[in-house]
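Each number in our numbering corresponds to the 1-based position in the sequence shown with 37 added.
Okay, so here's the structure we're looking at.
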Amino acid sequence: MSFAEILGGTLSPDANVRDQATRALESAESENFAHYVLSLTQELASESAQPSVRSAAGIALKNALTAKDETRQEQHSQRWLQVDEGTRSQVKQGVLVTLGSDNRQATMAAAQAIAAITATELPQGQWQDVITTLLQNVSTTSTGLKIASLQTIGFICESINPDILATQSNLILTAVIQGATAEEPSQEVRYAAITALLNSLEFVRQNFENEGERNVIMQTVCEATQSPDSNVQAAAFECLVRIMQLYYDKMRFYMEKALYGLTVIGMKHEDEKIALQAIEFWSTVCDEEIELQIEEETREPGQPAERDNYQFAKTTLPQVLPTLLFLLTKQDEDADEDEWNVSMAAATCLSLLAQTIGNDIVAPVIPFVEQNIRNPDWHHREAAVMAFGSILDGPDPNVLTPLVSQALPVLIEMVKDQVVQVKDSAAWTLGRVCDLPIECIQLDVHLHSMISALVAGLEDSPRIVANCCWAVMNLTEQLGGTDLDTYAMSQYFEGIVTTLMRITEANVNENNSRTSAYEAMATLASTGARDTHAVIAKLGVAILDRLDATIAGIAQAVGIDDRLALAELQSNLLNVLTNVARTLGRQISEISDRIMTSVLQLLNANNGKQAAAAEDAFLLVGALITSLESDFTRYLDSFSPFLYNALQNHEEYQLCSISIGLIGDICRSLGQDAAQHCDQFMTILLQNLESNVLHRDVKPGILSCFGDIALAIGGRFETYLEVTFRVLMSACNLSAGTQAVDFDTIDYNNQLRVGIFEAFVGITQGFKSDGKAQLILSQVQSIIGFMNFVYNDQTRSDDVTKGMIGLLGDLADAFPGGEIREYLRADWIQALIREGRSSARGTSLRVISRWARDMVKQATA
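Here you go:
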């Protein structure tokens with residue numbers, strides 16, 4: 038079979054042909070990668086090949102160089118870079134030539150392949166002339182080549198670190214602006230240029246700092262919103278959205294001169310894709326100003342604000358709000374409810390507007406609600422309900438309370454409306470009401486009628502069911518608590534559970550209704566007061582019966598859709614059982630044998646086919662461990678093989694991460710009795726730390742797990758102390774050498790530091806409890822030295838600060854005789870503890886800081 042035939046086979050409607058062709062491609066890729074990419078390039082560049090085959094070749098070439106997972110992406114990049122220079126040059130020449138093809142499918146695929154190669158080579162200092170070549174193409178007279186080259190530039194800008202292209206930003210921007218101006222005769226070229234500009238906005242920050250260049254960019258984009266071509270208009274508004282995200286602080290002048298008017302008019306545009314982007318612009322304004330408000334609230338006293346809040350949302354309320362309210366009435370009764378449309382976008386924007394301006398949203402919206410809530414036209418009735426629900430998050434509770442009291446009887450009545458759209462929005466709004474501080478609801482007046490309406494809604498159409506479930510969840514989360522003897526929902530509890538069980542008997546999950554019902558069950562199980570525990574225990578047995586039935590059906594689920602549906606159902610059932618186990622505590626022992634039998638059968642039958650179901654099964658086991666404590670020991674021998682397999686399954690890193698958490702649960706529950714399992718635990722954990730395949734996000738949890746093990750077995754951890762300290766100090770060095778280049782790096786480094794400090798805390802407490810604290814004395818100087826480094830790092834998170842202060846207290850408590858007095862007298866330690874004691878970010882940090890201060894005082898006396 039030729040390469041063209043194989044590629045054609047991947048597009049076949051026949052699943053068997055498709056699978057055979059896919060396997061043939063995978064085989065060619067693994068056997069001789071250089072020949073594989075060259076063959077793909079030849080098919081992509083061949084003008085005699087079918088357009089669909091050329092496109093498939095280009096996409097396969099792109100996929101050979103890209104991956105969503107970071108580890109696989111690195112492997113793909115290295116594989117490409119190891120291909121000989123001659124072959125790589127032929128591939129690059131082939132994809133560049135294809136940009137000039139008259140076939141749009143081929144040029145689009147070539148553009149994506151070029152972007153993938155560029156993202157791999159340019160960071161290595163290779164293929165430096167690719168941007169120059171593309172810019173030369175943009176200057177040609179060929180419209181097709183211009184469009185393809187602009188698309189390629191856009192893909193490159195989207196896929197590569199902005200810093201790498203920063204030196205060429207002026208050249209790129211000049212070419213893109215040239216193609217985007219009103220003088221460009223081809224609207225297709227203009228659209229490609231505006232799209233490329235959208236993708237390049239992040240790395241033209243230097244240009245945005247220059248007022249003259251910024252004016253040119255803004256003028257070009259604003260003019261493009263008036264293009265006769267709707268695609269250009271929509272792309273231009275999308276550009277304005279991204280510009281507002283990136284350059285809010287530069288937008289005051291442009292908002293006053295043009296953007297207010299352009300976007301309000303754009304929201305009313307008859308072309309939905311244009312209106313949606315114009316609405317998104319105002320949603321983005323609100324997002325930015327909400328973020329600025331959060332920054333202001335968390336700013337330390339006396340610290341200057343980093344950015345000004347221009348309050349665009351509040352200033353333009355008289356123009357923007359009436360437009361949004363008008364758009365709420367533009368529902369399409371025939372539209373798919375999952376399809377994003379203008380009325381949905383307007384409701385989302387109104388909700389964000391309420392969060393942004395708070396109480397100021399109430400007065401202008403309530404008249405609209407009052408005028409339309411009983412309108413005979415369902416469009417206006419639904420819009421009124423949606424408007425009311427959309428403004429419930431933002432204003433102060435004391436402002437909302439009288440409005441909620443007035444509205445609840447009407448909302449409860451509207452859950453029974455004749456029109457499904459109105460019922461749906463009324464149920465959603467009830468859910469929003471139930472999400473408010475509970476004081477906003479007069480429970481003695483409204484609770485009974487609310488529950489009655491919600492239970493009736495649970496037996497309505499699937500879309501109503503989902504919102505009624507959400508309302509029940511919000512209500513019980515606020516009212517409930519497993520430490521309460523009884524609560525306001527107790528008298529309704531069994532009736533709600535019975536209804537939920539009945540509606541989940543159906544073998545369908547339309548509108549996610551069955552999943553929502555199981556989520557509501559899980560929430561009820563996790564929040565029920567003590568007088569509902571008998572019902573929760575019965576629920577556990579019934580859910581376990583259903584789980585057993587699904588295990589028997591695993592072998593019969595042959596199609597992928599059937600397998601996915603079964604896995605989702607099993608996850609739902611496992612989640613309910615997990616919450617039942619957590620709530621019942623030791624009482625779960627009455628059915629724990631059955632639960633573990635079912636879990637082991639499920640894991641055995643699943644055999645790695647559905648990672649999500651396995652993850653949920655492991656979470657259930659974690660709940661059992663916590664509830665049963667040392668009584669779980671009898672299940673360890675049968676469960677351990679599955680645990681060890683999951684720990685070594687580096688591809689399914691989330692399952693691996695949950696498994697590491699289970700080790701901590703086991704150690705906490707078994708205490709010293711966990712020591713017999715620790716050789717195996719430590720061996721696997723240390724191997725996982727060294728793995729280049731395992732996702733890096735798992736590794737901070739491994740460090741924390743060392744602390745759990747040490748705390749559980751105390752002085753018996755001495756066997757592992759040397760290697761653990763070596764690993765932890767290596768992690769300290771890695772953390773200290775990490776540059777804060779972006780948010781993800783900062784976030785990961787903070788996770789790593791939390792893991793390090795939790796490990797040291799567990800070791801310190803464990804050895805102190807067994808009178809062996811002297812064994813760690815030699816490491817204290819290094820530990821405190823690392824903490825000093827972290828103290829001076831402005832990017833440390835609150836969790837890191839809390840972990841450091843807790844560790845200082847533990848070290849001081851472990852050495853009260855003055856052994857580490859000189860270290861603890863450092864000025865920065867006193868400053869850190871003062872910072873924690875005066876923190877406005879939670880009482881737990883202040884409590885820990887006061888305790889640490891007392892411990893340090895005693896240890897330095």
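Each residue gets a CB set at the ideal place from its N, CA and C atoms; glycine is no exception.
Computed from a predicted model, the values in this text were never measured in an experiment.
Open item on the list: DSSP three-state label for Leu208, please.
Closed with: Residue state, collapsed to three classes: helix.
TODO: Give every residue of the same chain whose Cβ lies closer than 7 Å to the Cβ of Ser806, excluding the five residues on either side of it in the sequence, and list them in chain order.
DONE: Gly751
- [ ] Note down the Cα distance separating Tyr672 from Ser629, rounded to an integer number of angstroms.
- [x] 10 Å
Open item on the list: Three Cβ pairs or more, each shorter than 8 Å: is that satisfied between the region 745–759 and the region 726–737?
Closed with: no
- [ ] Leaving aside the five residues before and after Val167 along the sequence, list all residues of the same chain whose C-beta is less than 6 Å from its C-beta, in chain order.
- [x] Thr155
Open item on the list: For a test of the three-state rule: what should DSSP assign to Gln818, helix, strand or coil?
Closed with: helix
Open item on the list: Measuring only the C-alpha atoms, how far is Cys769 from Leu726?
Closed with: For Cys769 and Leu726, the distance between alpha carbons rounds to 14 Å.
Task: contact_flag[the region 308–327, the region 280–298] where n(CB pairs < 8 Å) is 3 or more - done: yes
TODO: Determine the DSSP secondary structure at Tyr347, reduced to helix, strand or coil.
DONE: coil
Open item on the list: One question on the structure: do Thr262 and Phe274 come within less than 8 Å of each other, judged by their Cβ atoms?
Closed with: Going by C-beta atoms, Thr262 is nearer than 8 Å to Phe274.
TODO: Compute every distance between the C-beta of Leu637 and the non-hydrogen atoms of the ligand GTP, then say whether any falls below 7 Å.
DONE: Absence of the ligand GTP from the depicted structure is noted, as is the absence of any ligand whatsoever, leaving it without description.
- [ ] Would you mind stating whether Tyr284 and Phe240 have Cβ atoms separated by less than 8 Å?
- [x] The Cβ atoms of Tyr284 and Phe240 do not sit closer than 8 Å to each other.
Task: Outcome for Pro50 when other beta-carbon atoms lying within 10 angstroms are tallied against a minimum of 16 - done: exposed
Task: Distance between Val301 and Thr366 (C-alpha atoms, nearest Å) - done: 17 Å
TODO: Taking 8 Å as the cut-off, decide whether the C-beta atoms of Thr513 and Thr560 are in contact.
DONE: yes
Task: Other residues of its chain near Phe192: CB distance less than 8 Å, five sequence neighbours each side excluded - done: Ala148, Gln149, Ile151, Ala152, Asn236
Open item on the list: If the criterion is Cβ atoms closer than 8 Å, does the pair Gly744 and Ile703 meet it?
Closed with: no
TODO: Would you mind working out which of Asp568, Glu652, Asp891, Asn252 sits nearest Tyr524, comparing C-alpha positions?
DONE: Asp568
TODO: Consult DSSP for Gly431 and reduce its assignment to one of helix, strand or coil.
DONE: coil
- [ ] For the alpha helix (DSSP H) holding Gly468, just list the boundary residues, first then last.
- [x] 457–472
Task: the region 816–828 in contact with the region 775–785 per 3-pair CB rule at 8 Å - done: no
Task: Residue interval of the alpha helix (DSSP H) (run including Ala747) - done: Note, Ala747: alpha helix (DSSP H), 736–750.
Task: Met558 beta carbon less than 8 Å from that of Leu584 - done: Cβ atoms of Leu584 and Met558: not closer than 8 Å.
Open item on the list: Excluding the 5 residues flanking Val791 on each side, which residues of the same chain have their C-beta closer than 7 Å to its C-beta?
Closed with: Pro737, Asp836, Val837, Gly840
TODO: Taking Ile475 as the reference, give the member of Gly590, Ala651, Gln110, Gly517 with the closest Cα.
DONE: Looking only at Gly590, Ala651, Gln110, Gly517, the smallest Cα-Cα distance to Ile475 is reached by Gly517.
- [ ] Indicate whether the contact test is met: 3 or more Cβ pairs, each with one atom in the region 656–673 and one in the region 623–641, closer than 8 Å.
- [x] yes
- [ ] Keeping to the same chain, check which residues put their C-beta closer than 7 Å to that of Ala383; ignore five residues upstream and five downstream.
- [x] Ile316, Leu361, Leu364, Leu365
- [ ] Indicate whether Ala421 and Ile428 have their beta-carbon atoms separated by less than 8 Å.
- [x] In this structure, the beta-carbon distance from Ala421 to Ile428 does not fall below 8 Å.
Task: Residue environment, Leu495, which counts as buried when at least 16 other CB atoms sit within 10 Å - done: buried
Task: Cβ neighbours of Pro265 in the same chain (closer than 8 Å, five flanking residues each side left out) - done: Listed in chain order, the non-local C-beta contacts of Pro265 below 8 Å within the same chain comprise Gln224, local neighbours out to five positions each way being set aside.
Task: Simplified DSSP state of Ala271, which is helix, strand or coil - done: helix
- [ ] State buried or exposed for Thr144, treating a residue as buried only when at least 16 other CB atoms are found within 10 Å of its CB.
- [x] buried
- [ ] Output the distance between the C-alpha atoms of Ala342 and Arg336, rounded to the nearest integer angstrom.
- [x] Using only the alpha carbons, I get a separation of about 7 Å.
Task: Residue of Val436, Leu299, Val456 minimising C-alpha distance to Asp371 - done: Val456
Open item on the list: Can you look up Asn833 in the DSSP assignment and give me helix, strand or coil?
Closed with: One point to set straight first is that residue 833 is Arg, not Asn, in the sequence displayed. The three-state reading of DSSP puts Arg833 in coil, since its state is none of H, G, I, E or B.
TODO: Measure from the alpha carbon of Asn198 to the alpha carbon of each residue in Leu869, Thr157, Thr108, Glu221, then state which is nearest.
DONE: Thr157
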